[in-house]
Amino acid sequence: MTDIFGQTLNLNYVLLLPEIVLLIFSMLVIGIDAFKRQLNISGNVPVGLALAGLVVALTLSILQVNMDEDFARLIQVDSFTSFFRILFIAITLVLIVGSHEYIEKSVSHVGEFYGLLLLATVGAMLMASARELLTAYLAIELLSFSLYIAVSLARSDRRSGEASLKYVLLGGVASASLLYGLSMIYGVTGATQYHEISAVLSAGDTGLTTPLLLGLVLIIVGLGFKASAVPFHMWTPDAYEGAPIPVTAFLSATSKAATIALFLRWFGGPLLPIASDWQFILSGVAVATMVVGNLVALQQVNIKRLLAYSSIGQMGYMLMAIVAVGSGFGSDATSAVLVHLAGYIITNLLVFISVTHFFNQTGQEEITSFKGLAQSNPYLALMITAGLFSLAGMPLLVGFFTKFILFQAVVSAGHLGLVTVAVVASTVSLYYYLMVVRQMYLYEPEDGTEQWRLSLTGYVTTLALFVSLVVFGLWGTPLYAAADAAAAGMF
Amino acid sequence: MDSPGIVIGFYMMAGLVLGSGTLVFLARNLLHALAFLVISFLGMAGLFLTLSADFIAMAQILIYAGSISVLMVFAVMLTPLASRDNGNTIYVLPGLLAAGGIATFVGFLALDTSWSGPATDFTTTIDLIGNLLLGKYVLAFEIASVLLLFALIGAIMLVQISPSDPEEGEGR
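Order-wise, the sequence lines are chains A and B.
Note that the numbering used here has the first sequence beginning at 1, numbered continuously upward.
Note that the numbering used here has the second sequence beginning at 1001, numbered continuously upward.
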């Protein structure tokens, strides 16, 4: 098929099958949930449907791993896309299996909640695969809208509505800024296709540096908000604290990873020719993010807020690697970011799912409420400790390996100063991770040493995540190979 | 674009937008402010017309001047506890300074730059937009439709009192 300008369009819908399947299942879940009383079906049907959709979409994505084809010049299904598709579907799958008890107990509108999670996954997948600015923008909105709603669904928690309102209002401002920035880029280059923008910009001096710079600043503001980079991070702790814990985990995993994917696509693609214009801005943002994220985390008393600031700090490390992408080490730095992202997500999911089960049992989320967990549930204490140590970058765990590769890539791109800040910040982070560990191991439990267990799915997911934490920490080759292949598809 | 009629039209519409925009925050009564906002929306539609963007102009009138402003009027009328008074705030001066600064900066930017863009003139844009939306950009169109569907579901969920929520009490 050709469009009205005579360009041939490849409308091969097979390329979009994973997204289409997820969308269909997402609507099925919501539709069936709406009529569950009339149809007289059990409460397990929505979660079963959601899981079925995810498994089918995962299979389809794995089948498309070796593709390199575009859909109507809007979506590029290449190895980079496949990496993120599999990552995002796996995150949602693990989250739903690991925390379905919490969702059924503490989330209002359970069916819609699963539908929204699937929809957010689709948005994230489209963000990673878009090859055109407008599609990417719509994908961002798809992810953000579903999360705005999902954040507000914590049952009988007044902070949830407040969190959602803050997230919506600030998110709207960030989206407007992003869109304005994109219009500047379009105005300068006259193109929305990534490769056309890149061609115009690398053709040399367009004589349009001021609007281009304004566009860059606005794009960094908009994306920085989604990545909760300092100084656009103000919404993060409140939204994390008020949201249901699985949504918090989703925000810290999928939403952040999708934003990093977009950063890589934009700053490693169309905006690469003007790297000297944005590198210094992003360096500043990265340093501020690492320092503020890790320092403010020191004084948190709520575990969700602590993890919020910790994820802000982690974003700083990844933004630092995007600066390295601009220095001509694109492929190395990109694969380093992807490795670190995968390791960070495995670790973060382990911590969040453990915290979810802790909350299921105790209904508390203060750090002091973890007192004596090593006695009342040694298994869970071990899981949380392993996760926190991996976040801090302790050897033998995946966090050390991925951080090492990330820092090494940034050093070899010639940004020694940035890495120095990162190493110091990372050392500081050990302190607040240890605060939680100290509560669990050095104190007696407050209300007796009664032992309790996780549910079966809780054991399965945490154990699977723990095993991959250790295995990838000792033998990271498969992770590295996958990230390398994904990065090779982009450059 | 450069015929005198269009230029005069542009300045009239620009004056209308700026004038009614100023009156929106000068008006003390919220309903008066809303009325000026509608006029400002209409002026904006006129600006789009001078740019030969006839579809956008119609959409602006239908969506902004029509439905969104009616929605805002309903919101003001149906919240009896909210004050109708568009009171003073300490942010007037910083707000004016920031707005002026941004306007000056963007204004210089716009005048200083020779923007690139499609050079062809379109007599009408509607069939072009239709062709693009259902041809080249069909995926973007579909994403937008899903987005709107879920925004609708989300809005209903947010205002609904959950029947199983013990804290909100009244089951339905």
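We treat Cβ as the ideally placed atom computed from N, Cα and C, and that holds for glycine.
Keep in mind that this is a model prediction, so the values were computed, not measured.
May I ask you to report which of helix, strand or coil DSSP gives residue 302/A?
-> strand
Minimum C-alpha distance to residue 374/A - residue among 226/A, 436/A, 399/A | 436/A
Under the three-state DSSP convention, the category residue 51/A falls into = helix
Sort out for me which residues DSSP pairs residue 130/A with in a bridge.
-> 75/A
Tell me which same chain residues have a C-beta within less than 7 Å of the C-beta of residue 482/A, skipping the five on either side of it?
-> 83
Selected residue, minimal CA-CA separation from residue 316/A, among 80/A, 347/A, 403/A = 403/A
Residue 1032/B - containing alpha helix (DSSP H), residue span | 1030-1050
Would you report the Cα separation of residue 327/A and residue 1063/B, rounded to the nearest angstrom?
-> 46 Å
Alpha-carbon to alpha-carbon, residue 1065/B and residue 1008/B | 23 Å
For residue 8/A, which of helix, strand or coil comes out of DSSP?
-> strand
Which bits of chain B does residue 141/A rub up against, with CB to CB less than 9 Å?
-> 1143, 1144, 1147
Considering only residues of the same chain and omitting the five flanking positions on each side of residue 1126/B, which have a CB-CB separation below 6 Å?
-> 1055
Taking a Cβ distance cut-off of 7 Å, strictly less, list which residues of the segment 79-93 of chain A are near chain B, in chain order.
-> none
Of all the residues that make up the segment 1040-1053 of chain B, which are near chain A by a beta-carbon distance shorter than 9 Å?
-> none
Can you list the residues of chain A that residue 1153/B reaches, using a CB-CB cut of under 9 Å?
-> 30, 112, 115, 116, 149
How is residue 1022/B classed by DSSP in three states: helix, strand or coil?
-> helix
Using three-state DSSP, classify residue 1170/B as helix, strand or coil.
-> At residue 1170/B, the pLDDT of 37 sits below 50, so the modelled position is not reliable and the matter cannot be decided from this model.
For residue 1133/B, return the contacting residues in chain A, with the cut-off set at a CB-CB distance below 8 Å.
-> Neighbours of residue 1133/B on chain A: none; closest Cβ ~11 Å, over 8 Å.
Spell out whether any CB of chain B is found under 8 Å from the CB atom of residue 211/A.
-> yes
Do residue 247/A and residue 307/A have their CB atoms nearer than 8 Å?
-> no
Are the segment 1018-1029 of chain B and the segment 99-111 of chain A touching, with three or more C-beta to C-beta distances below 8 Å?
-> no
Any contact of the segment 31-42 of chain A with the segment 108-124 of chain A, i.e. 3+ C-beta pairs under 8 Å?
-> yes
Give the single residue among 180/A, 201/A, 81/A whose Cα lies nearest to the Cα of residue 223/A.
-> 180/A
Taking just the CA atoms, how far does residue 1012/B sit from residue 59/A?
-> 60 Å
By a C-beta neighbour count over all protein chains shown, 10 Å radius and 16 as the cutoff for buried, is residue 1070/B buried or exposed?
-> exposed
Does the segment 1041-1057 of chain B come within contact of the segment 1124-1138 of chain B, defined as at least 3 CB pairs closer than 8 Å?
-> yes
Mind checking whether residue 1143/B and residue 139/A have CB atoms under 8 Å apart?
-> yes
Pairwise C-alpha distance: residue 480/A and residue 68/A = 20 Å
Taking 8 Å as the cut-off, decide whether the C-beta atoms of residue 125/A and residue 88/A are in contact.
-> yes
Is the CB of residue 1150/B under 8 Å away from at least one CB in chain A?
-> yes
Secondary structure, alpha helix (DSSP H): runs of 4+ residues fully inside the segment 214-260 of chain A = 235-242, 245-250
Assign residue 189/A to one of two classes, buried (16 or more other C-beta atoms within 10 Å of its C-beta) or exposed (fewer than that).
-> buried
Taking the C-alpha atoms as reference points, what is the distance between residue 11/A and residue 221/A?
-> 34 Å
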